[in-house]
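Residue numbers (the UniProt record's numbering): 1 to 151.
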């Protein structure tokens, strides 16, 4: 299938190639994918796994890239469960604007840690999500764990 990704600025291409891991909130660099914290998290520890290659869909990844993406998703849920004491996870890929992709032309896999009772009234009454931990604190908690356990 032909590649459908336009040329131009891309958040994941920019941060994936920046070499400024702490500033870009990159927790891990693999051979084909990297793991980055979400700058606008739904919950503490919300991470994304993206291929270095600028592709829009799973069908564009090589078998090796697909394997590493899923392998790192499995490893990440284990690490987040242990480090953040998560009770569960939402995992997902939004492919295309119609599916809700914020960055629609660079495939990325979201992993959102969840805890029993982690919902509250704030999003309903104030259109606000309460995040009980700042990004820097979460990064400093997760970065050593992700780098220490790399494969």
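Glycine residues also receive a C-beta, built at the ideal position from the N, C-alpha and C atoms. Model, not experiment: these values are computed from the prediction.
Consider the C-beta atom of residue i and the heavy atoms of the ligand ZN; say whether any pair is separated by less than 7 Å.
i	result
residue 25	This structure simply doesn't include the ligand ZN, nor any ligand for that matter.
From which residue to which residue does the beta strand (DSSP E) around residue i run?
i	result
residue 146	First-last for residue 146: 135-148, but that is the alpha helix (DSSP H), not the beta strand (DSSP E).
residue 94	No beta strand (DSSP E) holds residue 94; DSSP gives it neither H nor E.
residue 40	No beta strand (DSSP E) contains residue 40, which DSSP labels as neither H nor E.
For the alpha helix (DSSP H) holding residue i, just list the boundary residues, first then last.
i	result
residue 110	Element bounds for residue 110: not the alpha helix (DSSP H) but the beta strand (DSSP E), 109-114.
residue 50	Note, residue 50: premise wrong, no alpha helix (DSSP H); beta strand (DSSP E) at 47-51.
residue 11	11-16
Drop a sphere of 10 angstroms on the beta-carbon of residue i, count the other beta-carbons inside from all chains shown, and report buried for 16 or more, exposed for fewer.
i	result
residue 65	buried
residue 67	exposed
residue 50	buried
residue 72	buried
residue 16	buried
residue 70	exposed
residue 20	exposed
residue 124	Because residue 124 sits at a pLDDT of 46, beneath the cut-off of 50, its placement in the model cannot be relied upon, and the following sentence gives the value as read from the coordinates. By the neighbour-count rule (16 or more Cβ atoms within 10 Å), residue 124 is not buried but exposed.
residue 113	buried
For residue i, does the three-state DSSP call read helix, strand or coil?
i	result
residue 78	helix
residue 27	strand
residue 19	coil
Just checking my contact of residue i with residue j at CB under 8 Å: how many whole Å lie between their CB atoms?
i	j	result
residue 94	residue 101	4 Å
residue 88	residue 110	With 8 Å as the limit, residue 88 and residue 110 do not qualify as a contact, their Cβ atoms being about 14 Å apart.
residue 145	residue 79	5 Å
* **Sufficient close CB pairs (3 or more, under 8 Å) joining the segment 106-113 to the segment 9-18** => Yes: the two stretches touch, three or more of their Cβ pairs being nearer than 8 Å.
* Asked: Is it a yes or a no for the segment 43-62 touching the segment 129-148, going by three-plus beta-carbon pairs under 8 Å?
  -> Three or more beta-carbon pairs separated by less than 8 Å link the segment 43-62 to the segment 129-148, which places the two stretches in contact.
* Pair every Cβ in the segment 70-86 with every Cβ in the segment 135-146, then say whether three or more of these pairs are closer than 8 Å. => Enough Cβ pairs lie closer than 8 Å, so yes.
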